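Take a look at the structure set out below.
In the working numbering, the protein residues as written are 963 to 1088.
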């Protein structure tokens, strides 16, 4: 079957090539433009089965569209919320924590300073 189909395609190509280009019995341009079916086949084959357009859409347009969407999402969540609002909330929380440690009693400050100094000395002695 495959051999027969190949031989038929080969014979058809040879025959049409002889009719159009060697014998010049039929004008190829007029033949293609005479029928919408032949014109459509000619256009598809001439445009390489539209593979360039399909490849361009699959590997250029679609990834760019996806990257823009990811960038917009990342910009809105990570940058706008995470950096701007997140840093503001973290600074406010840190201020409340530090404010809670402020007792106003200097003995407490001296005790914490001494404990920290003792901790550093013990770490260095190990």
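Ideal Cβ positions, reconstructed from N, Cα and C, are used throughout, including at glycine. Note that the structure is a prediction, hence the values are computed from the model and not measured.
Can you tell me the Cα-Cα spacing of residue i and residue j, whole angstroms?
| i | j | result |
| --- | --- | --- |
| residue 1031 | residue 1049 | 25 Å |
| residue 1029 | residue 1011 | 28 Å |
| residue 1001 | residue 978 | 16 Å |
| residue 1086 | residue 1079 | 11 Å |
| residue 1068 | residue 1037 | 47 Å |
| residue 1019 | residue 1009 | 15 Å |
| residue 1054 | residue 1044 | 14 Å |
| residue 976 | residue 985 | 12 Å |
Tell me which residue opens and which closes the alpha helix (DSSP H) that residue i is part of.
| i | result |
| --- | --- |
| residue 1071 | 1068-1087 |
| residue 995 | 990-996 |
| residue 979 | 964-979 |
task: Please specify which runs of the alpha helix (DSSP H), each continuous and at least 4 residues long, are wholly inside the region 1009-1055, giving them in chain order.
output: The alpha helix (DSSP H) runs lying completely inside the region 1009-1055 and spanning 4 residues or more are 1013-1018, 1024-1036, given in chain order.
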